[in-house]
Every structure is written in structure tokens, then in C-alpha cells.
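Written out below as C-alpha cells is the structure these notes cover.
In the UniProt record's numbering, the protein residues as written are 1 to 143.
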């Protein structure tokens, strides 16, 4: 068994299974890119579009398109920079922060239920794998 191949084959279905929990809870179905931007803004505080693009490793034009759509939907707030009036700072709106909290509660509850259905050995294996998965993410993001 090739670990990389098997792990790669599981990532997509795992992610989609978690995303389905949002739909069953009647939460808005936002594209993953929008959710990633909202998470970044929620964690880092107000950022310039360039900072957001750098953190997410996206093209500035992609951030611009996301922000345009998300501002119209009331998910992102654009504030003039206090130091450079030619730029803006982006922040997640209170509505977006509430939505992220609802997503997290829903996903966490679904994962708790699923983990409870696993054998104790499987739960323990997943728990022990979490630091290695975090390290893998760091390595992948560095490449």
C-alpha cells in the first residue's frame, strides 16, 4: 500500500462528507475559497487584499473577485486603511463570523458522532495522527 496514494484518495471524500453536514443543517453552501478567506480574516483580523492573497497563496485578482462577491453578500466588510487611503482593510462581517461558528459547531458535532462509532483503537490512532497531519500540512504549504 502506498500511503500517499491512499491518503490522497481519502482527502476529497472526507472533506465532502463534512461539507454535507452543513447542507443537512440548512447552512448556506459557500464555496470553499470563500470559507478559507473568511477563516483567514476571522483569525488574522483585518488584512489588506494583498495580505489575504499572500496568506492564502492566491492571486490578487482571485481575492478581488472573492471580495466583490462576498461584500455584496454581506460577508466581508471593506474598511479604508488608516495609514494609506489608497488601500482598504478586509474584515469578516458579524454575519460571516456567526456563519463560521455555525459551520464549526455542525461539523464538530458530526465528527464527534462519527468518532464515537469507531473502535477505541481507531479513535486513538486518529488522535495520535493529528500532530503528524498538522506537520504534513506545514510541509505541503512550504513546498
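Glycine included, each C-beta is placed from N, C-alpha and C at the ideal position.
Since the model is a prediction, treat every value here as computed from it, not as a measurement.
For residue 66 and residue 18, the gap between their C-alpha atoms comes out near 23 Å. In this structure, the alpha-carbon of residue 91 lies about 39 Å from that of residue 122. In the three-state reduction of the DSSP assignment, residue 33 falls in the helix class.
Where residue 80 is concerned, the enclosing beta strand (DSSP E) starts and stops at 76-80. Minimum Cα-Cα distance from residue 7 among the listed residues 20, 127 and 133 corresponds to 133.
Looking at the DSSP output, residue 133 shares a beta bridge with no other residue. In the three-state scheme derived from DSSP, where H, G and I count as helix and E and B as strand, residue 86 is classed as coil. Less than 9 Å divides the Cβ of residue 55 from the Cβ of residue 40.
DSSP, reduced to helix, strand and coil, places residue 91 within a strand of the structure shown. Using a Cβ distance threshold of 9 Å, residue 111 and residue 42 do not count as a contacting pair. The three-state reading of DSSP puts residue 47 in strand, counting E and B together. In the three-state DSSP reduction, residue 28 falls in the coil class, being neither helix nor strand.
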